[in-house]
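What follows is one structure encoded as structure tokens, with my remarks underneath.
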Amino acid sequence: MAFKASLPQGLSATLLSERDLSLIYKLCQTQPQYFKQMGQTLSYQHLKHQLTALPDSGLSQDSKQFWGFWKGKELIAFCELILKFPEEDSAIIGWFMVKKSATGHGLGGELIQSIKKHLVNFKIKEIILSRSDKNYSGKSFWMAQGFEPTGEVEKYPEVTMITMSCKL
1 MAFKASLPQG LSATLLSERD LSLIYKLCQT QPQYFKQMGQ TLSYQHLKHQ LTALPDSGLS
61 QDSKQFWGFW KGKELIAFCE LILKFPEEDS AIIGWFMVKK SATGHGLGGE LIQSIKKHLV
121 NFKIKEIILS RSDKNYSGKS FWMAQGFEPT GEVEKYPEVT MITMSCKL
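If you count by the UniProt record's numbering, then the sequence shown holds residues 1 to 168, one letter each, in order.
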């Protein structure tokens with residue numbers, strides 16, 4: 001499957017798989033505060049699960065896209081998408097991460113704009129995500145990308161998640 005939108009100059013996109021676990025792990029190591037905010041420990045087992053995990057809703061693996069964004073041979077970002085969930089015309093961003101050394105220059109925002117254009121090709125009209133209430137920079141980032149809090153909050157023992165959405 002091809003990524004169906006233009007990307008920032010010099011970047012390419014491929015679907016990630018188990019063979020990419022070590023590269024995903026290395027990228028995640030550059031963002032230790034994410035795992036701290038989520039009350040999680042970075043592990044290969046967790047990453048392997050994330051590559052294929054779907055909500056308990058009868059969705060097929062065709063609904064899952066785990067994109068890697070590359071600058072040459074270097075993985076600099078990834079995005080987990082779940083299409084046509086929870087509604088036929090919506091999608092979930094389950095996880096989006098940019099390598100620490102590539103942050104602060106607008107790359108994350110450019111990638112989200114490309115992801116939005118990619119999703120329009122699947123007739124997606126709304127993107128939904130959840131972020132940790134401890135992730136203050138994430139709140140600003142997502143709001144700058146057009147996401148607004150929905151008012152839905154999910155409390156877990158280790159983290160409170162705030163749901164945000166963006167209409168396309």
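The beta carbon of each residue, even a glycine, is placed where N, CA and C say it ideally should be.
Just so you know, these numbers come straight off a predicted model, no measurement behind them.
- At a cut-off of 3 residues, the continuous stretches assigned as beta strand (DSSP E) that sit fully inside the UniProt domain "N-acetyltransferase" (14–168) are 64–71, 74–83, 90–98, 126–132, 148–155 and 160–167.
- A contact between stretches requires three or more CB pairs, one per stretch, nearer than 8 angstroms, and the segment 157–167 meets this requirement with the segment 130–146.
- With fewer than 16 other CB atoms across the displayed protein chains lying within 10 angstroms of its CB, S22 is exposed.
- L11 carries a strand assignment under DSSP once its states are collapsed to helix, strand and coil.
- Restricting attention to I76, I92, K48 and P157, the CA atom closest to the CA of L11 is found in I76.
- Taking every protein chain shown into account, the CB of G68 has 16 or more other CB atoms within 10 angstroms, so this residue is buried.
- Contact between the segment 57–71 and the segment 34–46 is not established, with fewer than three Cβ pairs separated by less than 8 angstroms.
- Rounded to the nearest angstrom, the Cβ distance from S101 to T14 is 20 angstroms, too far for a contact under 8 angstroms.
- With respect to A91, I127 sits close: the two C-beta atoms are nearer than 7 angstroms.
- Closest option to C166, judged by alpha-carbon separation, among T150, Y156, S17 and E74: T150.
- Apart from sequence neighbours up to five positions away, the residues of its chain that approach Y156 with a beta-carbon distance below 8 angstroms are G39, ordered along the chain.
- The residue among E80, L7 and Q113 with its C-alpha nearest the C-alpha of A144 is Q113.
- Taking the Cα of A53 as reference, the smallest distance to any Cα among F35, K71 and L81 is reached at L81.
- In this structure, the alpha-carbon of Q65 lies about 13 angstroms from that of E18.
- With respect to the 7 angstroms criterion, A2 and H118 are not classified as neighbours on the basis of their beta carbons.
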